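Just so you know, we're using this note's numbering here: the sequence shown kicks off at 8 and counts up by one.
Below: the structure, in structure tokens.
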Amino acid sequence: MANNVDIQESGKRELILEGALKVFSQKGFHGATVEEVAEVAGVGKGTVYLYFGSKTDLFVSVVEEKLKELQEVVMERLQNTEGACAKLALSIKLHWEFFNRSREFVKVILSDLSGLEKELDERTREARAGFIGVLESVIEEGIGHGEFKDVEPRMAAYAIEGAISFVAFENLVNEVSTPSIPDVSQLVDFCLNGLCC
């Protein structure tokens, strides 16, 4: 059982991550300061550094948390879904909804992640690998049950994730206020048509 100190410490870390999400979403990585994050989180600047070694570490931690959240939602929803085609379609739609809900932050992620220190770049790659792994498992299931062509599952998972990210990024860059459902349906059809037998 967690004691009160553990709960308080966990709560502070969460407050800092929530504050960082707001500040990075509004100002981008380069425009944000640790002082602003601390102010929004309601903690001292030193407290931020107790949990995160640098602004870059904080930024990557926020990215990791958001991607972990996406992976958990997808995995939970897939448990109640039958068939690889339905699972893949749902995975794509949930990923799309994630991009739509977190538009400003996603814009920051897609523009500011490049050029991070090598170790932190590896951390974000590992965080993305969780969602890629979910897609890969669904594709392997589809191949095993004869629903999908015999393709290399990891390559197909990266291709699907890349397609989702690129279309979402185009919508963000072109400032499409709300991506339309037909866009999502077309993306699902495109991915499934490439895989289905």
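Glycine included, every Cβ here is placed at the ideal spot set by N, Cα and C.
Fair warning: this is a prediction, and the values are worked out from it, not measured in the lab.
A residue is called buried once 16 or more other Cβ atoms fall within 10 Å of its Cβ, and residue 178 is buried on that count. Residue 154 places its beta carbon less than 7 Å from that of residue 91.
A direct Cα-to-Cα measurement between residue 39 and residue 25 gives close to 14 Å. The Cβ atoms of residue 115 and residue 106 do not sit closer than 7 Å to each other.
In the structure shown, residue 155 falls within a strand segment according to DSSP collapsed to helix, strand and coil. The residue among 181, 143, 157, 152 with its C-alpha nearest the C-alpha of residue 166 is 143. For the options 56, 65, 140, 130, the alpha carbon positioned closest to that of residue 81 is the one of 140. Beyond the five residues adjoining it in sequence on each side, residue 94 comes within less than 6 Å, by CB distance, of 85, 88, 145 in the same chain, given in chain order.
The beta carbon of residue 163 sits closer than 6 Å to those of 146, all from its chain and outside the five residues before and after it, given in chain order.
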